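Heads up, the thing below is written out as structure tokens.
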């Protein structure tokens with residue numbers, strides 16, 4: 016992440032967050048049809064720019080009684096996002112939260128911070 020510090024300090028235009036969200040949803044639809052993904056933070060509040068992408072994931076199969084389900088969902092989603100080169104760097108990856116760096120696969124795009132949290 017540190018080698019992308021200058022790019023990561025730039026605000027993300029709302030239209031780009033929408034494009035990044037579309038990639039998350041395509042991967043979800045292809046591999047995890049029961050998963051729900053919601054982009055939160057300043058994007059959800061309608062702001063024109065965001066500092067990073069905050070995504071929440073959940074599934075009907077995931078409850079507070081079955082925390083391992085959420086951990087598995089997060090791990091598997093992150094792996095698929097790495098496989099398609101959407102996620103480029105990992106800053107931290109725990110049972111319920113992933114913190115990393117993503118990038119659109121188009122010329123001239125820059126690296127962006129992304130947090131993905133798994134909640135029941």
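In the working numbering, the protein residues as written are 16 to 135.
For each residue, glycine too, the CB sits at the ideal point set by N, CA and C.
The structure displayed is predicted, hence computed values, not measured ones.
Problem set entry | Span separating the alpha-carbon of residue 95 from that of residue 40 | 12 Å
Exercise. Under the DSSP definition of a beta bridge, which residues are partnered with residue 178?
Worked result: Nothing about residue 178 can be read from this structure; the chain reaches only from 16 to 135.
Problem set entry | Buried or exposed (CB count within 10 angstroms, at least 16 for buried), residue 57 | buried
Exercise. According to DSSP, is residue 59 helix, strand or coil?
Worked result: In the three-state scheme derived from DSSP, where H, G and I count as helix and E and B as strand, residue 59 is classed as helix.
Exercise. From 48, 30, 20 and 23, pick the residue whose C-alpha is nearest to that of residue 91; which is it?
Worked result: 48
Problem set entry | Simplified DSSP assignment, three categories, for residue 70 | strand
For this session: Would you mind working out which of 51, 71, 43 and 30 sits nearest residue 61, comparing C-alpha positions?
Result: 30
Exercise. Short check: CB of residue 50 to CB of residue 88, under 8 Å?
Worked result: yes
Problem set entry | Candidates 72, 18 and 43, of which the one nearest residue 55 by Cα | 72
Exercise. Of the residues 28, 26 and 42, which one's Cα is nearest the Cα of residue 102?
Worked result: 42
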